[in-house]
Structure formats: C-alpha cells, structure tokens
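This report refers to the structure that appears directly beneath it.
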Amino acid sequence: MALLNILRYPDARLHKVAKPVTDFGERLAKLVADMAETMYDAPGVGLAASQVDVHEQLVIIDISDTKDALQVLVNPEITWYSDDKQVYDEGCLSVPGIYDGVERAARVKVRALDQHGKAYELEADGLLAVCIQHEMDHLLGKVFVQYLSPLKRNRIKAKMLKEERGLEREAALRAAGRRY
Ligand code: NI
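Residue numbers for the sequence shown follow our numbering, beginning at 25 and rising by one.
Rendered as structure tokens:
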C-alpha cells in the first residue's frame, strides 16, 4: 500500500469530471487500498478518486469512530433526495483547515457498485448523507467551497495559494539540504 498525494484546492485537476469505472481488477483493488490508507492517515471520513488525481467514479467513506467500516462506492448514482435539508459544517482533505456550513438534502438513496462490481443500494441520513453528497460532488469536479459566497471562496483561495507557496519553499529548502 502507499500514501497518495491529495490535490489541494484550487488545483484545476479537482474540477475534472470523472469517468465510470469499467475494470474491476487488481488495479482497482490497489487504488481502493491506497485511497483507504491515505484517508485514514489524513485523517478524513471520505475521499474521492478525483482528489488523488484519478478521474474515475470511485468514492470511499468511513464515518465510524473505530475506522473499520470502509464503504466503497463505484459509479454511484443518487436516485432520490429528500425535500428536507440539513446544514452541516463541512471540511475537505483538499481544502485543509477550512470548515463552513453547506445545505444539502437531509437524506438520499444511492445506487452503486462495490469494488468487485456487485450492485447495491443504500439509504443514508445525517453525516453519511452529507459525506456521500460531498464526495459525489468531487466526481463532478465540484469542491464544497463552490457553495460558499464568492467573497469567502476568494479568501479561501488566497489562503490556500499562500500556504502552497510556503510548502513549496520548504520543499525547495529541504531539497537543497538546508535546515532551519
Ligand atoms: Ni472533499
């Protein structure tokens, strides 16, 4: 297994639209295992393949406290949204340190395949419903900050870019063998 690099907002690759998974072989099994390791390490409760620069319809979620209830959703489709809404403070591994309220359907029904290609259905509410909708947005190239006001979004973008320059500078210094 290996830790994968998570793309950071506003990386343009986060806005690519994912294609359906067609191959359920070893490559997918390895991708799921690597994504799970990456998500648990981060730590996070969900990760979409788009966030690790693989633009295929694959999402993993684990909202359990014990971190032993991995859910794999391949080619997921939301078949029903409740009319009632809920607002949750969301965060995202691609937008570290930022949390803000997003309104979404309180309950959803999803149809998906597991990592072996077997179809299943799922009805979700609470955090799981939030997480499914958040991760499935990633597959459409959408990041949760796009629900926020342009003012907030621009502030977040500026903060992320500033942090990125800091990280790049650090990496360059490390590569040059300098320590401070
Ligand atoms: Ni996210």
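Backbone N, C-alpha and C fix where the C-beta goes; we use that ideal spot for every residue, glycine too. Just so we're clear, the structure is a prediction, and the values are computed from it rather than from any experiment.
With DSSP as the reference, label residue i as helix, strand or coil.
i	result
V83	strand
N29	coil
A148	strand
G190	helix
Y171	helix
L197	helix
V96	strand
L164	coil
At a cut-off of 7 Å, is residue i close to the ligand NI when judged by its beta-carbon and the heavy atoms of the ligand?
i	result
L213	A query on residue 213 cannot be resolved here, the shown segment of the chain reaching from 25 to 204 and no further.
H140	no
H39	no
H158	yes
C116	yes
H162	yes
F168	yes
Could you say if the region 174-191 and the region 75-88 meet the contact criterion of at least three C-beta pairs nearer than 8 Å? Taking a contact to require three or more Cβ pairs closer than 8 Å, the region 174-191 and the region 75-88 do not qualify as touching.
Three CB pairs or more closer than 8 Å across the region 109-116 and the region 58-67: The region 109-116, when compared against the region 58-67, does not touch it at the 8 Å Cβ threshold.
Note down, one range per segment and in chain order, each alpha helix (DSSP H) of at least 4 residues found wholly within the region 32-65. If we require 4 residues or more, the alpha helix (DSSP H) runs fully inside the region 32-65 come out as 50-65.
Kindly confirm or deny that the region 124-143 and the region 96-104 touch, where touching means at least three C-beta pairs closer than 8 Å. With contact defined as three or more Cβ pairs closer than 8 Å, the region 124-143 and the region 96-104 are in contact.
Give, in chain order, every unbroken run of the beta strand (DSSP E) that is at least 3 residues long and sits entirely within the region 100-147. If we require 3 residues or more, the beta strand (DSSP E) runs fully inside the region 100-147 come out as 109-114, 124-129, 131-137.
Cβ pair count under 8 Å reaching 3, the region 180-189 against the region 147-167: Touching, no.
At least 3 beta-carbon pairs within less than 8 Å: the region 165-174 vs the region 46-56: No: fewer than three Cβ pairs fall under 8 Å.
When the Cβ atoms of the region 121-132 are set against those of the region 70-87, are three or more pairs found closer than 8 Å? No, because fewer than three Cβ pairs between the region 121-132 and the region 70-87 fall closer than 8 Å, the two stretches do not touch.
Is it a yes or a no for the region 156-167 touching the region 192-201, going by three-plus beta-carbon pairs under 8 Å? Too few Cβ pairs lie closer than 8 Å, so no.
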